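Trainee:
In this note's numbering, the protein residues as written are 180 to 536.
(1) Just the Cα atoms here: how many angstroms apart are residue 471 and residue 212?
(2) What is the DSSP secondary structure of residue 330, counted as helix, strand or coil?
(3) In terms of residues, what are the limits of the beta strand (DSSP E) holding residue 397?
(4) Give me the Cα-Cα distance between residue 298 and residue 201, rounded to the nearest whole angstrom.
(5) Report the rounded CA-to-CA distance for residue 407 versus residue 385, giving the unit in angstroms.
(6) Quick check: what's the CA-CA separation for residue 255 versus residue 391?
(7) So the candidates are 397, 243, 451, 455; which of them puts its Cα closest to the Cα of residue 204?
(8) Report the CB separation of residue 342 from residue 481 in whole angstroms; it is logged as a contact under 8 Å.
(9) Can you check DSSP and say which residues form a bridge with residue 439?
(10) Count the other CB atoms within 10 Å of the CB of residue 234; is the residue buried (16 or more) or exposed (fewer)?
(11) With residue 305 as the anchor, note down where its beta strand (DSSP E) starts and where it stops.
(12) Taking only the alpha-carbon atoms, compute the straight-line gap between residue 443 and residue 457 and give it to the nearest angstrom.
(13) So, is residue 270 buried or exposed, given that buried needs 16 or more other C-beta atoms within 10 angstroms?
(14) Taking the DSSP output, what are the residues bridged to residue 390?
(15) Thinking residue 257 and residue 236 are a contact (beta carbons under 8 Å), I'd like their distance in whole angstroms, please.
(16) Quick check: the Cα distance between residue 199 and residue 498, rounded to an integer number of angstroms?
(17) Output the distance between the C-alpha atoms of residue 450 and residue 437, rounded to the nearest integer angstrom.
(18) Give, in chain order, every unbroken run of the alpha helix (DSSP H) that is at least 4 residues long and sits entirely within the stretch 202-241.
(19) What is the DSSP secondary structure of residue 409, reduced to helix, strand or coil?
(20) Return the CA-CA distance between residue 493 and residue 501, expressed in angstroms with no decimal places.
(21) Using a Cβ-Cβ cutoff of less than 7 Å, which residues in the same chain neighbour residue 345 once the five nearest sequence positions on both sides are dropped?
(22) Is DSSP giving residue 467 helix, strand or coil here?
(23) Tell me residue 475's beta-bridge partners as DSSP assigns them.
(24) Let me make sure I understand the geometry here. Which of 281, 206, 367, 220 has the alpha-carbon closest to that of residue 453?
(25) Assign residue 448 to one of three DSSP states: helix, strand, or coil.
(26) Can you check DSSP and say which residues form a bridge with residue 262?
(27) Terminal residues of the continuous alpha helix (DSSP H) containing residue 404?
(28) Under a three-way DSSP split, which group does residue 537 fall into?
(29) Relative to the C-alpha of residue 286, which candidate in 311, 302, 229 has its C-alpha closest?
(30) Quick check: the Cα distance between residue 425 and residue 308, rounded to an integer number of angstroms?
(31) Excluding five sequence neighbours on each side, which residues of the same chain lie with their C-beta closer than 7 Å to the C-beta of residue 410?
Below, the structure is given as structure tokens:
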């Protein structure tokens with residue numbers, strides 16, 4: 180939907196508008212393009228209909244900027260399974276429901292939603308485009324499917340072990356001193372897997388956001404909607420952080436201290452794509468049997484899944500991840516193989532089984 184792009188400078192302040200408000204404004208803008216000939220009237224109506232359908236599935240009263248990639252995943256799945264009233268129904272008396280959305284309809288709806296969020300980003304309705312975090316694969320047999328996001332315990336241990344090994348191995352002698360990134364790369368993976376921040380929260384982090392209180396290292400995370408949370412760091416992560424701040428973080432010219440926590444060897448703040456590249460490099464060090472590709476958001480799912488599987492208090496997990504509502508955790512919780520059997524073996528009402536002689 181390239182005809183709907185608008186060349187504006189993105190506002191510095193995000194407007195906290197509801198989904199319904201933004202969809203109405205967007206649909207009005209799309210229809211206005213027919214008067215200039217930029218869009219055919221029929222095409223404009225298709226775009227407008229799709230975004231109003233999106234609003235109904237996402238929740239019209241929700242704030243648009245609060246929608247995450249998982250929320251959009253859920254909307255796309257719900258649309259895919261929504262009966263298509265325009266397609267032929269079975270003859271009366273034969274039963275059955277109207278066919279579900281065709282592959283073409285799903286692809287068109289996804290394009291419409293993507294164009295809507297591109298416009299929303301430019302207009303200042305969202306801080307980050309949630310389409311960048313959508314994990315649904317293209318149309319497959321049986322409909323859209325979300326990929327499993329959380330790593331298993333074995334896979335996560337392999338990745339964390341590779342990150343720690345990278346830190347302990349020391350600098351790569353084949354690279355210049357000012358181009359060595361082992362401490363930084365290990366820290367990135369440890370923070371993502373242990374604390375589960377959004378990738379935007381990680382790349383926005385500054386060195387001054389980390390502080391000590393009562394002997395414990397904390398990270399003051401600046402999250403969505405201007406909310407902050409102070410998350411204590413596990414000791415192994417805090418130790419790598421301290422080593423990175425002391426030895427691995429580049430210094431700018433004339434001894435100036437850089438603001439950003441995570442920097443390229445040239446002193447540039449890392450971006451989202453840089454973080455994925457770091458994860459991929461560390462994954463390459465994991466033995467093949469325990470290796471599985473994962474995104475930064477997949478590591479956020481991994482954090483939530485394993486904390487909850489270990490019976491960590493749900494509200495504590497909510498605060499670590501920075502959610503305002505406990506119900507959101509359900510979307511981050513993936514099933515783990517063997518977890519039900521493990522839970523029943525340590526049933527709190529039964530205790531250990533007593534064997535009679």
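Quick reminder that beta carbons are idealized off the backbone N, C-alpha and C, glycines included. These figures come from a predicted structure and were not determined experimentally.
Mentor: Taking the coordinates as given:
(1) For the purposes of this step, residue 471 is taken as the residue at position 292 of the chain shown. For the purposes of this step, residue 212 is taken as the residue at position 33 of the chain shown. Straight-line Cα distance between these residues: approximately 46 Å.
(2) Translated into the one-based positions of the chain shown, residue 330 becomes position 151. Three-state result, residue 330: coil.
(3) Numbered from its first residue, the chain shown carries residue 397 at position 218. 395-401 is the span of the beta strand (DSSP E), which, as asked, contains residue 397.
(4) The residue labelled residue 298 in the question sits at position 119 within the chain shown. The residue labelled residue 201 in the question sits at position 22 within the chain shown. Cα to Cα, the separation comes out at about 10 Å.
(5) Counting from 1 along the chain shown, the entry for residue 407 is found at position 228. Counting from 1 along the chain shown, the entry for residue 385 is found at position 206. The alpha-carbon of residue 407 is positioned some 14 Å away from that of residue 385.
(6) Here residue 255 refers to the residue found at position 76 when the chain shown is read from its first residue. Here residue 391 refers to the residue found at position 212 when the chain shown is read from its first residue. One C-alpha to the other measures close to 43 Å.
(7) Within the chain shown, the letter at position 25 stands for residue 204. The option with the nearest alpha carbon to residue 204 is 243.
(8) Numbered from its first residue, the chain shown carries residue 342 at position 163. Numbered from its first residue, the chain shown carries residue 481 at position 302. Wrong, their Cβ atoms sit about 13 Å apart, outside the cutoff.
(9) Along the chain shown, read from residue 1 onward, the residue named residue 439 stands at position 260. Beta-bridge pairing links residue 439 to 385.
(10) The sequence position of residue 234 within the chain shown is 55, counting from 1. Buried, because 16 or more other Cβ atoms sit within 10 Å of the Cβ of residue 234.
(11) As a first step, residue 305 is located in the chain shown; it is residue number 126 there, counting from the start. Neither: residue 305 is in no beta strand (DSSP E) and is coded neither H nor E.
(12) Counting from 1 along the chain shown, the entry for residue 443 is found at position 264. Counting from 1 along the chain shown, the entry for residue 457 is found at position 278. Looking at the two C-alpha atoms, the distance is approximately 11 Å.
(13) Taking the first residue of the chain shown as 1, we reach residue 270 at position 91. At residue 270 the pLDDT is 42, less than 50, meaning the model places this residue with poor confidence and gives no usable figure here.
(14) Within the chain shown, residue 390 is the residue found at index 211, counting from 1. Note: residue 390 sits in a beta bridge opposite 397.
(15) As a first step, residue 257 is located in the chain shown; it is residue number 78 there, counting from the start. As a first step, residue 236 is located in the chain shown; it is residue number 57 there, counting from the start. Correct: roughly 5 Å between the Cβ atoms.
(16) As a working note, residue 199 is residue 20 in the chain shown. As a working note, residue 498 is residue 319 in the chain shown. Rounded to the nearest angstrom, the gap between the Cα atoms of residue 199 and residue 498 is 28 Å.
(17) On the chain shown, position 271 is the one that residue 450 refers to. On the chain shown, position 258 is the one that residue 437 refers to. Approximately 16 Å, taken between the alpha carbons.
(18) 220-237
(19) Position 230 of the chain shown holds residue 409. Residue state, collapsed to three classes: strand.
(20) The sequence position of residue 493 within the chain shown is 314, counting from 1. The sequence position of residue 501 within the chain shown is 322, counting from 1. Cα to Cα, the separation comes out at about 12 Å.
(21) To locate residue 345, count along the chain shown from 1; it is residue 166. Once the five neighbours on either side are set aside, the close Cβ partners of residue 345 are 361, 364, 365, 461, 464.
(22) Mapped onto the chain shown, residue 467 falls at position 288. In this structure, residue 467 counts as helix in the three-state DSSP scheme.
(23) Position 296 of the chain shown holds residue 475. Answer is none; residue 475 lacks a bridge partner.
(24) Within the chain shown, numbered from 1, the residue matching residue 453 stands at position 274. For the residues 281, 206, 367, 220, the minimum Cα distance to residue 453 belongs to 367.
(25) On the chain shown, position 269 is the one that residue 448 refers to. DSSP places residue 448 in strand when its eight states are reduced to three.
(26) Numbered from its first residue, the chain shown carries residue 262 at position 83. According to DSSP, residue 262 bridges with 279.
(27) As a first step, residue 404 is located in the chain shown; it is residue number 225 there, counting from the start. No alpha helix (DSSP H) contains residue 404, which DSSP labels as neither H nor E.
(28) Lying outside 180 to 536, the shown extent of the chain, residue 537 is not represented and no answer is given.
(29) Residue numbering aside, residue 286 sits at position 107 when the chain shown is read from its first letter. Minimum Cα distance to residue 286 is reached at 229.
(30) Taking the first residue of the chain shown as 1, we reach residue 425 at position 246. Taking the first residue of the chain shown as 1, we reach residue 308 at position 129. Each residue's alpha carbon lies about 35 Å from the other.
(31) Numbered from 1 along the chain shown, position 231 holds the residue referred to as residue 410. Closer than 7 Å at Cβ, skipping near neighbours: 374, 397, 398, 400, 499.
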